[in-house]
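For the sequence shown, this note's numbering assigns the number 443 to the initial residue and increments by one for each residue that follows. Taking it in order: structure first as structure tokens, then the write-up.
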Amino acid sequence: MSDDNEQTSDSGGYTPPRVWTWDRESGGRFAKINRPIAGPTHDRELPVGEHPLQLYSLATPNGVKVTVMLEELLAAGHSGAEYDAWLINIQEGDQFGSGFVAINPNSKIPALQDRSTDPATRVFESGAILLYLAEKFGAFLPTDHASRTAALSWLFWQMGSAPYLGGGFGHFYAYAPTKIEYAIDRFAMETKRQLDVLDRHLADHRFMAGDEYSIADMAIWPWYGGLAAGVLYEAGEFLDVQSYENVQRWTREIAERPAVQRGRMVNRTWGKPESQLHERHDASDFETKTQYEAGERA
Ligand SMILES: N[C@@H](CCC(=O)N[C@@H](CS)C(=O)NCC(=O)O)C(=O)O
């Protein structure tokens, strides 16, 4: 500490001021949308479709958790899970529109509105949305005490762990404007530790909560399955993901589920045109409304 109470950095690059102020963009991929205040930036009502469930989202790992759950519910015969999925373009700041903020005061996708209740119920935070849907339909959450507790433990493990993977490792490895060895080391170590936690558990469990596929798998797979498949942050080689053999086996088994394949396409705006379904309003949209059908060719 120096006399004026400023903490000095030993890297020689930066000395934090006494009071941080927001006076410039920090750089990096999300610099344009990041800001230190909450609340709406503009008035914009959200569109509403005809189904009971209205989802406002984007096919990032947090978004895919919910579209996979909805497609799994429909595949299991829960017709009350019919939904309209509307695209929220977070790069354009859609999450700061007044209608979206009314559903999620935290301005992050995914956000759900259940209009089958009176008044309509808003749900935000992907883990809370998975739990809400599991309880509403009595599905994908084991009912016996031990397995239910295991599923919830792993669901909350994911919610607490993924920020180290996404906001920590992914940010500094893939998105930050400069490569900072200290930050990449710290978060690569933690990410590999998390992969090892999963690998040891999956050595003697087929799914996260045991024999039954559950919302715990749906929460964990889009993040750690994506990482294991080498698609998330293109970090497969760097993290030696192939060495986590049980995670690999689990990743492949879940990827083969038809509902997972459909869920991944919803609100997706990148990748092959046939893998992108920008909005989903009907089961037939997967055949007729992808970007390929819209005329986009790779
Ligand atoms: N803990 C939240 C995280 C949601 C989240 O980080 N969403 C990101 C996309 S994956 C987002 O909307 N970012 C926009 C922003 O930060 O402005 C959840 O699981 O729902």
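Here a beta-carbon is modelled for each residue, glycine too, at the ideal position from N, C-alpha and C.
Beta-bridge partners of residue i, as assigned by DSSP
i       : result
Trp-528 : Tyr-498
Arg-590 : According to DSSP, Arg-590 bridges with nothing at all.
Phe-649 : Gly-652
Arg-722 : Ala-527
Gly-539 : His-484
Val-708 : Leu-719
Local Cβ density within 10 Å of residue i, reported as buried at 16 or more and exposed below that
i       : result
Thr-559 : exposed
Tyr-525 : buried
Arg-460 : exposed
Glu-442 : Residue numbering for the chain in the displayed model covers 443 to 740; residue 442 lies beyond these limits and cannot be assessed.
Asp-646 : exposed
Gly-737 : exposed
Pro-478 : exposed
Met-631 : exposed
Ala-725 : exposed
Pro-503 : buried
Val-490 : exposed
His-493 : buried
Gln-600 : buried
Tyr-655 : buried
Asp-445 : Caution is warranted here: a pLDDT of 42 is assigned to Asp-445, below 50, making its placement in the model unreliable, and the coordinate value is therefore given only provisionally. Flag for Asp-445 reads exposed.
Trp-462 : exposed
Lys-578 : buried
Arg-635 : exposed
Ser-685 : exposed
Ala-562 : exposed
Trp-663 : buried
Glu-448 : Its pLDDT being 48, under 50, Glu-448 is placed unreliably in this model, and the coordinates cannot settle the point.
Thr-450 : Note that Thr-450 scores 46 on pLDDT, short of 50, meaning its location in the model is unreliable and no value can be drawn from it.
Asp-653 : exposed
Pro-584 : buried
Val-580 : It is Gly, not Val, that sits at residue 580 in the sequence shown. By the 10 Å Cβ count, Gly-580 comes out exposed.
Asn-476 : exposed
Thr-711 : exposed
Extent of the continuous beta strand (DSSP E) run through residue i
i       : result
Ala-553 : 553 to 556
Val-510 : Per DSSP, Val-510 belongs to no beta strand (DSSP E); it is in the alpha helix (DSSP H), 503 to 517.
Val-565 : 563 to 566
Span of the alpha helix (DSSP H), counted from its first residue to its last, around residue i
i       : result
Val-689 : 687 to 697
Glu-729 : 727 to 730
Asp-659 : 657 to 662
- Message: Quick check for students: name the residue ranges of the alpha helix (DSSP H) that lie wholly in the region 451 to 491, counting only runs of 4 or more.
- Response: none
- Message: Would the region 616 to 623 count as touching the region 574 to 594 if we require 3 or more Cβ pairs under 8 Å?
- Response: no
- Message: With a threshold of 8 Å, are at least 3 pairs of Cβ atoms found where one atom belongs to the region 534 to 546 and the other to the region 466 to 486?
- Response: yes
- Could you tell me whether the region 689 to 706 touches the region 655 to 669, using the rule of 3 or more Cβ pairs below 8 Å? yes
- Message: Counting beta carbon pairs with one atom in the region 527 to 537 and one in the region 492 to 509, are three or more of them shorter than 8 Å?
- Response: yes
- Do the region 695 to 713 and the region 505 to 517 meet, that is, are 3 or more Cβ pairs less than 8 Å apart? yes
- Message: Taking contact to mean 3 or more Cβ pairs, one atom from each stretch, closer than 8 Å, check whether the region 677 to 685 and the region 713 to 724 are in contact.
- Response: no
- Query: Along the chain, which unbroken stretches of the alpha helix (DSSP H) at least 4 residues long are found entirely within the region 584 to 641?
  - Reply: 587 to 605
- Item | Three or more C-beta pairs below 8 Å linking the region 565 to 577 and the region 542 to 554 | yes
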